[in-house]
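In the working numbering, the protein residues as written are 14 to 499.
Beta carbons: idealized from backbone N, C-alpha and C, even for Gly.
The structure displayed is predicted, hence computed values, not measured ones.
What follows is a single structure, written as structure tokens, with notes after it.
Put into structure tokens, the structure is as follows:
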């Protein structure tokens with residue numbers, strides 16, 4: 014599998030690996046107008062010789078000779094040793110080297126020799142181009158197997174992160190997620206204060222490519238933007254892929270792009286694999302559901318999902334991938350109970366039906382309403398107040414949670430209101446919860462009666478102090494009492 018992957022992805026290598034099983038991945042970056050190339054090395058422990066160094070410990074060492082040719086002439090070279098950690102058993106190890114280079118096109122030759130086994134060698138050749146960008150550009154993309162914040166300054170540390178490149182650009186069967194790293198240059202040249210980054214996958218099938226899924230994110234325009242994104246690989250079938258990163262302006266027009274190829278090995282989810290093949294009898298509770306029921310429960314699940322999972326689920330709905338939907342639903346509940354995932358599923362299904370009924374307003378399912386979404390995301394509130402006939406105010410509800418995870422201390426409050434004064438379509442107007450709507454004009458939207466003493470709804474120039482005084486003249490309002498200081 015790795016040999017096939019090298020021929021597919023690392024087309025810049027004209028010499029194949031003989032005995033040393035090593036991954037070498039080059040990537041070009043820029044600091045201002047200075048360009049440099051990174052070379053990420055990864056050695057498979059069993060493919061290289063090991064020597065005893067102390068007691069029963071051992072160490073492997075490889076010699077690397079790297080030459081840079083420009084216009085047929087060697088303009089730079091380096092010769093060095095890469096040593097593994099001292100360990101008790103053979104293990105994989107890695108290294109990283111950076112080289113500052115002047116503008117131009119280079120042919121890079123790399124020769125690796127095992128210092129413990131004679132004639133155990135490997136050689137590579139690649140081409141790199143150093144052209145400091147004058148306009149918006151994207152660096153080479155590097156796929157990472159590990160990333161964490163770091164205060165140290167090792168060769169693997171960069172911009173406050175410790176990074177380890179993904180060997181062979183190969184995502185094995187045990188890998189659940191991987192990371193992409195890139196640098197975007199000179200977006201501050203755009204007239205807009207922000208731009209869009211679009212990350213998408215193409216699944217390669219011979220000579221053809223088809224879209225797999227995509228993510229778009231607004232970013233602030235700056236001279237150098239560091240882009241790091243963790244990607245879920247669990248539901249990615251086996252196959253060859255191209256990851257494409259695009260810079261687009263606010264109108265959606267493409268400015269520039271770059272890409273990297275990789276392979277995913279996922280025997281549990283090959284293109285022909287069915288849900289029943291994957292999960293057997295343990296997944297029978299999912300197989301009993303109709304396609305309509307699967308869509309129903311997945312829609313109810315959306316408020317509880319992370320942004321990445323939401324986008325993946327959206328892709329399954331878009332492509333009408335029933336097997337993918339089944340696996341998504343099953344995987345969610347098997348994490349809660351690996352032995353009997355049907356137990357948390359049926360508990361959730363019961364709650365979803367009750368929420369659907371309680372907050373149905375005639376617009377979609379009840380769990381798609383604001384109140385239904387908040388209920389499924391955070392659970393039942395500790396206190397719930399419904400106000401239907403308060404003078405000067407539209408009908409509203411107040412929900413209070415004593416505390417919520419990742420929301421600091423103190424009560425978390427939600428204010429919903431019925432803009433139409435009819436039915437059950439209560440919309441979230443204001444909250445002090447993180448990642449929820451905060452509306453400084455909530456009073457003006459809730460109190461819509463022109464007869465309210467001292468307040469002129471047609472006067473957009475009322476001073477804030479005058480506005481607050483008008484609302485303070487309404488001291489019996491539950492909304493004022495609960496949200497005055499928020």
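Starting from the C-beta of residue i, find all residues in its chain whose C-beta is less than 7 Å away, skip the five residues before and the five after it, and write them out in chain order.
i           : result
residue 268 : 149, 260, 261, 262
residue 310 : 342, 362, 365
residue 144 : 116
residue 159 : 177
residue 407 : 430, 431, 432, 434, 459, 461
residue 374 : 382, 436, 437, 438
residue 185 : 278
residue 103 : 58, 59, 63
residue 163 : 170, 173, 174, 175
residue 349 : 357
Ignore the nearest five residues each way along the sequence and tell me which others in residue i's own chain have a CB closer than 6 Å to its CB.
i           : result
residue 74  : 94, 96, 128
residue 78  : 92, 124
residue 36  : 55, 180, 181
residue 106 : 56, 97
residue 313 : 365, 380
Which word fits residue i, buried or exposed, when buried means at least 16 other C-beta atoms lie within 10 angstroms of its C-beta?
i           : result
residue 54  : buried
residue 199 : buried
residue 447 : exposed
residue 430 : buried
residue 279 : buried
residue 340 : buried
residue 330 : exposed
residue 39  : buried
residue 67  : exposed
residue 384 : buried
residue 101 : exposed
residue 264 : exposed
residue 494 : exposed
residue 319 : exposed
residue 376 : exposed
residue 195 : buried
residue 48  : buried
residue 9   : The first residue shown for the chain is 14 and the last is 499, placing residue 9 beyond what the model contains.
residue 351 : exposed
residue 266 : exposed
residue 135 : buried
residue 409 : buried
Could you please give the first and the last residue of the uninterrupted alpha helix (DSSP H) stretch that includes residue i?
i           : result
residue 500 : The first residue shown for the chain is 14 and the last is 499, placing residue 500 beyond what the model contains.
residue 495 : 491-496
residue 360 : 355-371
residue 304 : 304-314
residue 459 : 455-459
residue 298 : 297-300
Could you check how far apart the C-beta atoms of residue i and residue j are, in whole angstroms? I think they sit under 8 Å.
i           : j           : result
residue 179 : residue 191 : 6 Å
residue 246 : residue 167 : Rounded, the Cβ-Cβ distance is 27 Å, inconsistent with contact.
residue 428 : residue 496 : 6 Å
residue 171 : residue 120 : Actually they do not touch by this definition, with Cβ atoms about 26 Å apart.
residue 240 : residue 215 : That pair is no contact at about 19 Å.
residue 370 : residue 317 : About 19 Å; that fails the 8 Å criterion.
residue 50  : residue 114 : 6 Å
residue 230 : residue 203 : About 15 Å separates the two Cβ atoms, so there is no contact after all.
residue 235 : residue 201 : 5 Å
residue 41  : residue 141 : 6 Å
One question on the structure: do residue i and residue j come within less than 8 Å of each other, judged by their Cβ atoms?
i           : j           : result
residue 138 : residue 122 : yes
residue 491 : residue 413 : no
residue 60  : residue 33  : yes
residue 257 : residue 213 : yes
residue 441 : residue 455 : no
residue 411 : residue 398 : yes
residue 323 : residue 315 : yes
residue 444 : residue 426 : yes
Just curious, the beta strand (DSSP E) that residue i is in, first and last residue?
i           : result
residue 399 : 396-400
residue 108 : 106-114
residue 388 : Here residue 388 belongs to no beta strand (DSSP E); instead the alpha helix (DSSP H) covers 383-391.
residue 178 : 174-178
residue 39  : 35-44
residue 199 : First-last for residue 199: undefined, no H or E at that position.
Could you name the residues of the same chain whose beta carbon sits closer than 8 Å to that of residue i, not counting the 5 residues immediately before and after it, in chain order?
i           : result
residue 242 : 192, 193, 212, 228
residue 272 : 154, 255, 256, 257, 258
residue 308 : 330, 338
residue 379 : 368, 369, 370, 371, 372, 373, 385
residue 346 : 354, 355, 357, 358, 361
residue 450 : 441, 442, 443, 444
residue 270 : 151, 257, 258, 259, 260
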